[in-house]
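**Student:** Sharing a structure, written as C-alpha cells. Questions coming.
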Amino acid sequence: MKRAFGRYRKSAFGRFVFRNQKYAPVLFFMGGFIFDTLTLGRIDRVYDTVVLCSHMTLLSVTLYLYNSVDEDKWEDTFIRRYSEYFPLAIQFFFGALSSAFVIYFFRSVSMSKTMFFFILLVLLLFANEFLKKKISNKYLQFSVYFFISFTFFAFMIPTLIKEMNTFIFIISGLVSLGCTLALITVIYSQSPGTRAAISLKKLISLILSIYITINVFYYFNLIPPVPLAMDTGLVAHEVQKKNNEYIVTYENNPWYVFWRKHHTTFHRQEGQRVYVFTSVFAPTDLKKSIFHRWKWYNPETRSWEVTDKINFKVTGGRDRGFRGYTHKNNLREGQWKVDVITEEELVLGVVDFVIKKTSEPHKEGMVTKSF
1 MKRAFGRYRK SAFGRFVFRN QKYAPVLFFM GGFIFDTLTL GRIDRVYDTV VLCSHMTLLS
61 VTLYLYNSVD EDKWEDTFIR RYSEYFPLAI QFFFGALSSA FVIYFFRSVS MSKTMFFFIL
121 LVLLLFANEF LKKKISNKYL QFSVYFFISF TFFAFMIPTL IKEMNTFIFI ISGLVSLGCT
181 LALITVIYSQ SPGTRAAISL KKLISLILSI YITINVFYYF NLIPPVPLAM DTGLVAHEVQ
241 KKNNEYIVTY ENNPWYVFWR KHHTTFHRQE GQRVYVFTSV FAPTDLKKSI FHRWKWYNPE
301 TRSWEVTDKI NFKVTGGRDR GFRGYTHKNN LREGQWKVDV ITEEELVLGV VDFVIKKTSE
361 PHKEGMVTKS F
C-alpha cells in the first residue's frame with residue numbers, strides 16, 4: 001500500500017494533484033453538490049433516502065475519526081496514515097448534504113424563502129474553505145455539522161413517519177441537537193487534542209444559539225414547512241378538471257420573465273371569476289390540508305386585508321405535485337396576493353397579482369396548459 005502510494009505521488013498526475021491541492025476543498029465541496037444535482041429527485045424515493053442517510057452517517061463517522069485521530073489506539077493504523085484526507089471527505093459530505101437540501105427547497109416558487117438557503121449554501125462554501133485553512137477551528141466545524149444535521153432530520157423524520165406539523169419540526173430539532181451533543185461529548189471525552197482546542201461550554205452555547213435561531217426563523221415563517229413545497233402557483237382566468245388533468249387558462253409572461261409563469265397584471269371583466277391554481281409537492285402518503293389565504297392591499301390604511309381563507313387537501317406521492325385551486329368573484333381593483341399555507345399557517349408560497357378592470361375579453365398573451 002505504501003509503495004503504491006509512493007508511486008502515485010511521483011507520477012505526473014500525482015505531482016499535479018499535490019501541486020494544486022489548495023483547490024481541493026472547493027473541488028470536493030462542489031463535487032458533492034454536482035453529485036446530488038445529477039442523482040437526487042424525490043426525498044421519499046428509496047435511493048434518495050439511502051444516499052442522504054449514508055452521507056449523514058459517513059459525515060458523522062469521519063468527523064469522529066478526524067477529531068480523535070491523535071489517540072494512541074490509531075497509531076500505525078490505516079486511519080492515522082490517511083488522516084490528512086479526512087478534511088476533504090468532510091467537505092465532500094458537507095457539499096453533498098447542503099446541495100441536496102437546496103435541490104429540495106428549490107421546488108418552492110417563493111424565492112424569498114429559498115434565497116435564504118442559497119445564501120446559507122454560499123456561506124457553507126466559504127466555511128469549508130476556511131476549515132481547510134484553519135482546521136483547528138472546531139467551533140466552525142461543529143456549527144456547520146449541526147446546521148446540516150438539523151436540516152437532515154427536519155426533512156427525514158416527516159418523510160418517514162408520513163406526518164408534518166410544528167410538533168414534528170420541534171422533535172426533529174431535538175433529535176438533531178441530541179445527536180450533535182452526543183457526538184461532541186464522545187469526541188471531547190476521548191480526544192486530548194479536542195479538549196486542548198475548545199471550551200466545551202463555549203461550543204455547547206454556540207450549538208444552542210444556532211438551535212434557537214433556526215426555531216425563531218421557523219416561527220416567523222422564514223423557513224418553508226419541509227418536506228412540503230409548492231411546485232406551481234399562478235393566477236388564472238379559467239380552471240377545468242378533465243380526466244384527472246387540470247386545464248388552466250392564464251395570461252403568460254414574456255419569454256424573458258422566466259421565473260414566473262403568469263403575468264402579474266390580471267385583466268378582469270365585470271363578473272368574471274379569478275382563479276388561483278397551485279400544485280404542492282408532498283412525500284408519498286403524507287396527507288395535509290392546504291389553504292389559500294386571499295389578501296387585498298388597502299391603499300388607505302396601507303395594509304393587507306384578509307378577505308378569504310379557503311382550504312383543500314393534498315395527499316403526497318405525485319411527481320408534479322398535488323393540485324388544487326380556489327376562486328373568487330367581485331374582486332376589487334388593486335394589488336392582491338394569495339398565501340399558500342398549511343393549517344399551522346406556515347407559508348409554502350405566495351401568488352401575487354394586480355387586478356385591472358377591462359370592458360372587453362382579454363386575449364393578448366393568453367395560454368392554456370394542462371397540469
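Just so we're aligned, residue 1 is where the sequence shown starts under the UniProt record's numbering, counting upward by one. Glycine included, each C-beta is placed from N, C-alpha and C at the ideal position. Owing to the predicted nature of the structure, the values given are computational and were not obtained by experimental measurement.
Could you spell out where the alpha helix (DSSP H) holding G178 opens and where it closes?
**Tutor:** Counting along the chain, the alpha helix (DSSP H) containing G178 begins and ends at 166-190.
**Student:** Should K288 go down as buried or exposed, given a rule of 16 or more other Cβ atoms within 10 Å for buried?
**Tutor:** K288 comes out buried.
**Student:** Say yes only if the C-beta of W336 is nearer than 8 Å to one or more non-hydrogen atoms of the ligand SAH, and no if none qualify.
**Tutor:** The ligand content of the structure shown is nil, which means the ligand SAH is not present either.
**Student:** Have a look at Y64 and D231 and give me their C-alpha separation to the nearest angstrom.
**Tutor:** Going by the C-alpha atoms only, they are around 38 Å apart.
**Student:** Is T232 helix, strand or coil when you go by DSSP?
**Tutor:** Reduced to three states, the DSSP call for T232 is strand.
**Student:** By how many angstroms is the C-alpha of V226 removed from the C-alpha of P283?
**Tutor:** Answer to the nearest angstrom: the Cα atoms are 10 Å apart.
**Student:** Once the 5 residues before and after V109 are set aside, which same chain residues still bring their CB inside 6 Å of it?
**Tutor:** Because V109 carries a pLDDT of 41, less than 50, the predicted location of this residue cannot be relied on, and the following value inherits that uncertainty. The answer, listed in chain order, is M230, G233, G349.
**Student:** Using the Cα positions of I198 and S99, report the straight-line distance between them to the nearest angstrom.
**Tutor:** Roughly 29 Å separates the two Cα atoms.
**Student:** Name, in chain order, the residues that DSSP records as bridge partners for Q240.
**Tutor:** In DSSP, Q240 forms a bridge with I247.
**Student:** What separation, rounded to the nearest whole angstrom, lies between the Cα atoms of V257 and T185?
**Tutor:** One C-alpha to the other measures close to 51 Å.
**Student:** Is the beta carbon of H292 less than 9 Å from the beta carbon of V276?
**Tutor:** In contact: H292 and V276 (Cβ atoms closer than 9 Å).
**Student:** With three or more C-beta pairs closer than 8 Å as the rule, is the region 292-306 touching the region 326-342?
**Tutor:** These segments touch.
**Student:** Cutting at 6 Å between CB atoms, please list the residues of its own chain near L59, excluding the five before and the five after it.
**Tutor:** Closer than 6 Å at the Cβ level, and outside the excluded window around L59, lie F93.
**Student:** Quick one: Cα of R268 to Cα of V274, how far?
**Tutor:** For R268 and V274, the distance between alpha carbons rounds to 8 Å.
**Student:** Could you say which of F167, H362, F217, S149 lies nearest to E343 if we only look at CA atoms?
**Tutor:** Cα-wise, what sits closest to E343 is F167.
**Student:** For L52, which of R81, F78, P87, T159 has the nearest alpha-carbon?
**Tutor:** Of the listed residues, the one whose Cα sits closest to L52 is T159.
**Student:** Could you tell me the boundaries of the beta strand (DSSP E) in which R323 lies?
**Tutor:** Segment 322-328, the beta strand (DSSP E) holding R323.
**Student:** Provide the residue span of the alpha helix (DSSP H) that contains T368, from first to last.
**Tutor:** Run containing T368: none in the alpha helix (DSSP H); it sits in the beta strand (DSSP E), 366-370.
**Student:** Between the C-alpha atoms of F353 and P361, what's the straight-line distance to the nearest angstrom?
**Tutor:** Going from the Cα of F353 to the Cα of P361 covers about 18 Å.
**Student:** Report yes or no: is there a C-beta of chain B within less than 9 Å of the C-beta of S60?
**Tutor:** No chain B is present in this structure, which holds just one protein chain.
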